[in-house]
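J.: Mind having a look at this structure? Questions to follow.
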Amino acid sequence: MPTESKSLTKLPSILVVGGAGYIGSHMVAYLRRAGFIPVILDNLSTGHQDAILDEKLVIGDITDAAFLDQIFASHHFAAVMHFASVIQVEESVKAPQKYYHNNVMGTLHLLNAMLKWKVNRFIFSSSAAVYGEPLYTPIDENHPVLPLNPYGHSKRMIEQMLEDYAHAYGLQFFSLRYFNAAGADPAGKLAERHEPETHLIPLVLRAAQDKTSITVFGRDYPTVDGTCVRDYIHVLDLCEAHLLALKTLIGGKQGGIYNLGTGQGYSVQQVIEIASCVTQRSISVLEGARRLGDPAILIADPKRAMRKLNWKPHYTELKKMIEDAWAMIRKPISP
Ligand SMILES: NC(=O)c1ccc[n+]([C@@H]2O[C@H](COP(=O)([O-])OP(=O)(O)OC[C@H]3O[C@@H](n4cnc5c(N)ncnc54)[C@H](O)[C@@H]3O)[C@@H](O)[C@H]2O)c1
Numbered sequence: 306m307p308t309e310s311k312s313l314t315k316l317p318s319i320l321v322v323g324g325a326g327y328i329g330s331h332m333v334a335y336l337r338r339a340g341f342i343p344v345i346l347d348n349l350s351t352g353h354q355d356a357i358l359d360e361k362l363v364i365g366d367i368t369d370a371a372f373l374d375q376i377f378a379s380h381h382f383a384a385v386m387h388f389a390s391v392i393q394v395e396e397s398v399k400a401p402q403k404y405y406h407n408n409v410m411g412t413l414h415l416l417n418a419m420l421k422w423k424v425n426r427f428i429f430s431s432s433a434a435v436y437g438e439p440l441y442t443p444i445d446e447n448h449p450v451l452p453l454n455p456y457g458h459s460k461r462m463i464e465q466m467l468e469d470y471a472h473a474y475g476l477q478f479f480s481l482r483y484f485n486a487a488g489a490d491p492a493g494k495l496a497e498r499h500e501p502e503t504h505l506i507p508l509v510l511r512a513a514q515d516k517t518s519i520t521v522f523g524r525d526y527p528t529v530d531g532t533c534v535r536d537y538i539h540v541l542d543l544c545e546a547h548l549l550a551l552k553t554l555i556g557g558k559q560g561g562i563y564n565l566g567t568g569q570g571y572s573v574q575q576v577i578e579i580a581s582c583v584t585q586r587s588i589s590v591l592e593g594a595r596r597l598g599d600p601a602i603l604i605a606d607p608k609r610a611m612r613k614l615n616w617k618p619h620y621t622e623l624k625k626m627i628e629d630a631w632a633m634i635r636k637p638i639s640p
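The sequence shown begins at 306 in the numbering used here and counts up one residue at a time.
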C-alpha cells in the first residue's frame with residue numbers, strides 16, 4: 306500500500322518516477338520552477354527523502370501494479386517522466402534478474418497503468434549503455450544498439466516497448482540517452498549520492514574529501530593520456546532537455562530517441578586534475594587494470610536533440626560541473 310506525505314490532488318500534474326534520486330530530484334525542482342506540479346513516486350531504494358523539498362512524495366514500487374493503479378486513479382497526470390531504475394552495470398551482470406524485474410517489468414507495469422488511465426505522454430531515461438562498444442565516435446542515434454550487459458539490455462528492451470506501444474496504442478514518448486550525468490544544482494539540496502557509488506566524479510570528490518584513493522582502471526587506452534574518455538553532461542542541462550521534451554509532447558508534437566551529451570570528452574586523468582584544482586587538494590591515485598567492457602572513448606553526437614528540441618547544453622565546462630558537485634558535497638544537509 307502506498308503511503309503519502311501530503312493529501313491527494315486532482316490537479317493536472319507530472320508524475321516523476323524515481324524523483325527522489327539524483328537526476329529525478331533535480332527534475333522535480335526544475336519542473337516546479339517551470340510552473341508544473343510534480344508528484345514523486347519512489348521506493349527510496351536508492352533515493353533520498355531529504356532530496357525532496359516541498360513536493361508530494363508517494364512511496365511505493367513500480368513493480369506493484371495495484372499500487373500504480375491506485376496512484377493513477379487518484380491523479381490526473383499530463384505526462385510521466387521515468388527516472389526509476391537500478392543502475393549498476395557490474396551488479397547487472399551478476400544479478401540480471403533484479404535488472405529485468407525492476408527496470409523492464411516495472412516499466413511495463415507503468416506503461417500499462419498509463420494505458421488504462423489514458424495518460425499517453427512519457428519521457429524515459431535511457432542511457433549510452435544501449436550502444437555497447439562504439440563502432441565510431443561521436444556516437445549518433447543511428448549507431449547500432451548492441452548493449453554489453455543486462456543494464457544496457459534493460460534500457461534497450463524498454464525502448465523497444467515504447468516503440469511498440471507508440472505504434473499500437475499511440476503512446477507519445479521521448480527516450481533520452483544520457484551519457485555521464487554530472488554536477489548539481491547549486492540552489493538545490495542533493496549531491497550525487499549513490500550507494501555504492503560507481504560514478505567517477507563523486508568518487509574522485511569523495512577521495513578528496515576523505516583523503517582516500519581513487520583507482521584509475523587502465524592507462525594504455527588509445528586516448529590523449531591513456532585513460533578512458535567520457536562525455537559529461539551537467540544535470541541541469543539534462544533537466545532543460547526534459548522540459549523541452551515535455552513541452553514538445555504537450556504541444557502535440559512528435560517525440561523520439563535522442564542522445565544527451567555535450568559532444569566533448571574528458572579523460573579520467575583530466576577529471577582527477579580538474580577535481581584536484583577545484584578542491585585545492587591532492588588526490589591519491591591507485592593504478593588498476595583495465596575493466597572488461599570499458600570502451601576507450603564514449604562521446605555523444607547530440608546534434609539531433611539540439612536541432613529538434615532546440616536544446617543547447619549551457620554548462621559544458623567540466624570545471625563548472627565539478628565545482629557544483631563539490632559545493633553540494635560541502636553543503637551541510639538541512640532538515
Ligand atoms: N547518472 C547517470 O550518469 C546516468 C547515465 C545514464 C542514464 N541514467 C539513468 O537516469 C536515471 C536516473 O539515474 P540516477 O543517477 O538519478 O539514479 P538514482 O539511483 O539516483 O535514482 C533512481 C531513483 O529511482 C528509484 N527507484 C528505483 N527502482 C524503483 C522502483 N522499482 N520503484 C520506485 N522507485 C524506484 C530509486 O529509489 C531512486 O530514487 C536512471 O534510469 C538511470 O539509468 C543515469
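Note that CB positions come from ideal geometry on N, CA and C, so glycine has one too.
With distances taken from CA atoms, which of 369, 342, 391 and 339 is nearest residue 323?
T.: For the purposes of this step, residue 323 is identified with residue 18 of the sequence shown, where counting begins at 1. For the residues 369, 342, 391 and 339, the minimum Cα distance to residue 323 belongs to 391.
J.: With distances taken between CB atoms, is the gap from residue 602 to residue 534 smaller than 7 Å?
T.: Residue mapping note: residue 602 aligns to position 297 of the sequence shown, counting from 1. Residue mapping note: residue 534 aligns to position 229 of the sequence shown, counting from 1. Contact: yes.
J.: Would a C-beta distance cut-off of 7 Å place residue 353 and residue 389 closer than the cut-off?
T.: Here residue 353 is taken as the residue at index 48 of the sequence shown, counted from 1. Here residue 389 is taken as the residue at index 84 of the sequence shown, counted from 1. No. Outside cutoff.
J.: Report, in whole angstroms, the separation of the C-beta atoms of residue 429 and residue 463, which I expect to be a contact under 8 Å.
T.: Translated into positions along the sequence shown, residue 429 becomes position 124. Translated into positions along the sequence shown, residue 463 becomes position 158. 6 Å between Cβ atoms; contact.
J.: For residue 529, count neighbouring C-beta atoms within 10 Å of its own C-beta (all shown protein chains included) and say buried if the count is 16 or more, exposed if not.
T.: As a working note, residue 529 is residue 224 in the sequence shown. Under this definition residue 529 is an exposed residue.
J.: Assign residue 379 to one of three DSSP states: helix, strand, or coil.
T.: For the purposes of this step, residue 379 is identified with residue 74 of the sequence shown, where counting begins at 1. Coil at residue 379, not helix or strand.
J.: If I'm right that residue 452 touches residue 461 with Cβ under 8 Å, what's the distance once you round it to whole angstroms?
T.: Residue 452 sits at position 147 when you count from the first residue of the sequence shown. Residue 461 sits at position 156 when you count from the first residue of the sequence shown. Residue 452 to residue 461, Cβ: 5 Å. Contact.
J.: Per DSSP, what are the beta-bridge partners of residue 535 in this structure?
T.: Residue mapping note: residue 535 aligns to position 230 of the sequence shown, counting from 1. Answer by DSSP bridge pairing, in chain order: 571 and 603.
J.: Would residue 579 pass as a contact of residue 627 if the rule is Cβ separation under 7 Å?
T.: As a working note, residue 579 is residue 274 in the sequence shown. As a working note, residue 627 is residue 322 in the sequence shown. Yes, the pair counts as a contact, with Cβ atoms nearer than the cut-off.
J.: Comparing the CB of residue 454 with every heavy atom of ligand 1, is any distance shorter than 6 Å?
T.: Residue 454 sits at position 149 when you count from the first residue of the sequence shown. Not so, every heavy atom of ligand 1 lies at least 6 Å from the Cβ.
J.: Indicate, with yes or no, if ligand 1 has a heavy atom lying under 6 Å from the CB of residue 551.
T.: Along the sequence shown, read from residue 1 onward, the residue named residue 551 stands at position 246. No.
J.: Using only the alpha-carbon positions, how far apart do residue 351 and residue 609 sit?
T.: Locating residue 351 in the sequence shown gives position 46, counting from the first residue. Locating residue 609 in the sequence shown gives position 304, counting from the first residue. Rounded to the nearest angstrom, the two C-alpha atoms are 31 Å apart.
J.: Mind listing, in chain order, the continuous beta strand (DSSP E) runs of no fewer than 3 residues lying wholly within the segment 385 to 443?
T.: Listed in chain order, they are 426 to 432.
J.: Could you check the C-alpha separation between residue 335 and residue 358 for me, to the nearest Å?
T.: Here residue 335 corresponds to residue number 30 of the sequence shown, with the count starting at 1. Here residue 358 corresponds to residue number 53 of the sequence shown, with the count starting at 1. Each residue's Cα considered, the two are about 12 Å apart.
J.: Where residue 320 and residue 427 are concerned, what is the direct C-alpha to C-alpha distance, given to the nearest angstrom?
T.: Reading the sequence shown from its first residue, position 15 is the one you call residue 320. Reading the sequence shown from its first residue, position 122 is the one you call residue 427. Residue 320 and residue 427: Cα-Cα distance of roughly 10 Å.
J.: Determine whether the beta carbon atoms of residue 567 and residue 536 lie at a separation below 7 Å.
T.: Counting from one through the sequence shown, the residue named residue 567 turns up at place 262. Counting from one through the sequence shown, the residue named residue 536 turns up at place 231. It is a contact, given that the beta carbons lie within the stated cut-off.
J.: Using the Cβ count rule (16 or more neighbours within 10 Å means buried), how would you classify residue 441?
T.: Taking the sequence shown and counting its residues from 1, one reaches residue 441 at position 136. By the neighbour-count rule (16 or more Cβ atoms within 10 Å), residue 441 is not buried but exposed.
J.: Residue 540 and residue 487 look like a contact to me (Cβ under 8 Å); what is the Cβ gap, rounded to whole Å?
T.: One-based indexing of the sequence shown puts residue 540 at position 235. One-based indexing of the sequence shown puts residue 487 at position 182. About 7 Å; that satisfies the 8 Å criterion.
J.: Confirm the yes/no value for this check: CB of residue 366, any heavy atom of ligand 1, distance under 6 Å.
T.: Locating residue 366 in the sequence shown gives position 61, where the first residue counts as 1. Yes, since a heavy atom of ligand 1 falls inside the 6 Å radius drawn around the Cβ of residue 366.
J.: Rounding to the nearest angstrom, what Cα-Cα distance links residue 562 and residue 413 in this structure?
T.: For the purposes of this step, residue 562 is taken as the residue at position 257 of the sequence shown. For the purposes of this step, residue 413 is taken as the residue at position 108 of the sequence shown. Approximately 18 Å between the Cα atoms of the pair.
J.: So, helix, strand or coil for residue 354, using DSSP?
T.: As a position in the sequence shown, residue 354 is number 49, starting the count at 1. If DSSP states are grouped into helix, strand and coil, residue 354 belongs with the helices.
J.: Mark residue 315 as exposed unless 16 or more other C-beta atoms lie within 10 angstroms of its C-beta, in which case mark it buried.
T.: Here residue 315 is taken as the residue at index 10 of the sequence shown, counted from 1. The predicted position of residue 315 is uncertain, since its pLDDT is 43 and thus under 50; a value taken from the coordinates is nonetheless stated next. Residue 315 should be labelled exposed.
J.: From the DSSP output, read off the bridge partner residues of residue 617.
T.: Walking along the sequence shown from the start, residue 617 turns up at place 312. The partner list for residue 617 (beta bridge, DSSP) is empty, contrary to what the question assumes.
J.: So, using beta-carbon positions, are residue 375 and residue 425 closer together than 7 Å?
T.: In the sequence shown, residue 375 corresponds to position 70, counting from 1. In the sequence shown, residue 425 corresponds to position 120, counting from 1. No, the pair does not count as a contact, with Cβ atoms beyond the cut-off.
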